[in-house]
Every structure is written in structure tokens, then in C-alpha cells.
Amino acid sequence: MKRWKKIALISASTLTVLIGGSLWFVLSAFPDMCGNELLAEYPSPDNKYRAVVFERDCGATTGFSTQVSILKAGFPLRNEAGNLFSADTDHGKAPDGPGGGPAVHVSWVDVRTIKLTHHARARIFFSRPQVAEITVSYATID
Numbered sequence: 046m047k048r049w050k051k052i053a054l055i056s057a058s059t060l061t062v063l064i065g066g067s068l069w070f071v072l073s074a075f076p077d078m079c080g081n082e083l084l085a086e087y088p089s090p091d092n093k094y095r096a097v098v099f100e101r102d103c104g105a106t107t108g109f110s111t112q113v114s115i116l117k118a119g120f121p122l123r124n125e126a127g128n129l130f131s132a133d134t135d136h137g138k139a140p141d142g143p144g145g146g147p148a149v150h151v152s153w154v155d156v157r158t159i160k161l162t163h164h165a166r167a168r169i170f171f172s173r174p175q176v177a178e179i180t181v182s183y184a185t186i187d
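Residues 46 to 187 (this note's numbering) are what the sequence shown spells out, left to right.
(1) Determine the direct distance from the alpha carbon of Ala118 to that of Asp187, and round the result to whole angstroms.
(2) Fully enclosed by the stretch 74-155, which beta strand (DSSP E) runs are 3 residues long or longer?
(3) Relative to the C-alpha of Ala177, which residue among Phe171, His164, Thr158 is closest?
(4) Please report the distance separating the alpha-carbon of Val62 from that of Arg48.
(5) DSSP three-state call for Arg168: helix, strand or coil?
(6) Tell me whether the beta-carbon of Ser114 lies closer than 8 Å to the beta-carbon of Val97.
(7) When burial is assigned at 16 or more other CB atoms within 10 Å of the CB, is Leu129 buried or exposed?
(8) Please identify the residue among His163, Asp155, Trp153, Val154 whose C-alpha is closest to the C-alpha of Pro143.
(9) Considering only the alpha carbon of each residue, which of Glu82, Ala165, Tyr87 lies closest to Ala139?
(10) Specify the secondary structure class of Ala177 as computed by DSSP and reduced to three states.
(11) By a C-beta neighbour count over all protein chains shown, 10 Å radius and 16 as the cutoff for buried, is Leu84 buried or exposed?
(12) By alpha-carbon positions, which one of Asn81, Leu54, Pro90, Ala53 ends up nearest to Ser131?
(13) Would you mind sorting Pro88 into buried or exposed? The rule is 16 or more other CB atoms within 10 Å of its CB.
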């Protein structure tokens, strides 16, 4: 009986490693299915940061989303989700903006504060009050 348990344990461990390795290989062989398209950039008054508004598209099964990232000046927009704000039109309840998601307007209040305005019916996935040194206030429009 002990021999049978040892064989079963070794077999289960080997199978787990093979399945995990195969899954890792398949997932790493395909690039990220999402893509970003830059819509607008708003440099801070002191040019140390910039607010970047972009469309994020993750394929046929999802709608376009409008996202915002706060980046240090000179840092590129990477193929990642925004770090400040993300919203979509909630299946047409909010009007489409330039990238297919809801329109988002950014204005710098001072060197460390921005105001972000979006449509009231946009579906918000996340909206952070601060990123790095930048504080954010939000407003809606109809």
C-alpha cells in the first residue's frame, strides 16, 4: 500500500508540473491581447508629469474603454491599463468619445492637482484619488 501511495504522489506531482509548464508556455507564447491608442496628453505646469488619456481595446469580447494614467515626463505609455481612471460607455448609456469609450477631459488645477471630467452615465471601473504626488478631483457632465 505504501508503494502505491508513493507512485500516486509522484505521478500527481509530475502531472501538475507538466500541466503548469504547458500553461505557462502557451500563455507566454501569445502577446497581450489588449492594445492602447493615445488620445491626448496634458503636461503638468512644471512639466514633471503628464496625464495621458488613451483608449484601451482588449478584443472582440470587450468594449472600448477610456483610461487615464499619470506618468513622469519622458516615460512612455506602456501596453498596460491606466493607473488613475478607467471607464466605458456602459453599452451605449454614455456617448462615445474620440476612442470609442466615453470622453474624458483633463485640466491641471496646479502643479500637483488635476481635474478629470467624464460623462455621468459612463461606467467607472476605477477612479483613484491620487497617483504618486498628483491629487485628482472628479466631475461629471450630462
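Note that the Cβ used here is the ideal one computed from N, Cα and C, for glycine as well.
Concretely, from the data shown:
(1) If you number the sequence shown from 1, residue 187 lands on position 142. If you number the sequence shown from 1, residue 118 lands on position 73. Roughly 32 Å separates the two Cα atoms.
(2) 80-88, 94-102, 110-117, 130-133, 149-155
(3) Position 132 of the sequence shown, counted from the first residue, corresponds to residue 177. For the residues Phe171, His164, Thr158, the minimum Cα distance to Ala177 belongs to Thr158.
(4) Indexing the sequence shown from 1 puts residue 62 at position 17. Indexing the sequence shown from 1 puts residue 48 at position 3. Between the alpha carbons of Val62 and Arg48 lies a distance of about 21 Å.
(5) Walking along the sequence shown from the start, residue 168 turns up at place 123. Here Arg168 sits in strand by DSSP.
(6) Indexing the sequence shown from 1 puts residue 114 at position 69. Indexing the sequence shown from 1 puts residue 97 at position 52. Cβ atoms of Ser114 and Val97: closer than 8 Å.
(7) Taking the sequence shown and counting its residues from 1, the one referred to as residue 129 is at position 84. Classification of Leu129: buried, given that the 10 Å Cβ count is 16 or more.
(8) For the purposes of this step, residue 143 is identified with residue 98 of the sequence shown, where counting begins at 1. Taking only the C-alpha atoms, the option nearest Pro143 is His163.
(9) Translated into the one-based positions of the sequence shown, residue 139 becomes position 94. Checking every option, the nearest Cα to that of Ala139 belongs to Ala165.
(10) The residue labelled residue 177 in the question sits at position 132 within the sequence shown. For Ala177, the secondary structure class from DSSP, reduced to helix, strand or coil, is coil.
(11) If you number the sequence shown from 1, residue 84 lands on position 39. Counting C-beta atoms within 10 angstroms of its own C-beta, Leu84 has 16 or more neighbours from the protein chains shown and is therefore classed as buried.
(12) Along the sequence shown, read from residue 1 onward, the residue named residue 131 stands at position 86. Checked all of Asn81, Leu54, Pro90, Ala53; the closest Cα to Ser131 is Asn81.
(13) Position 43 of the sequence shown, counted from the start, is the residue given in the question as residue 88. Residue burial is scored here from C-beta neighbours: Pro88 has fewer than 16 other C-beta atoms within 10 angstroms and is therefore classed as exposed.
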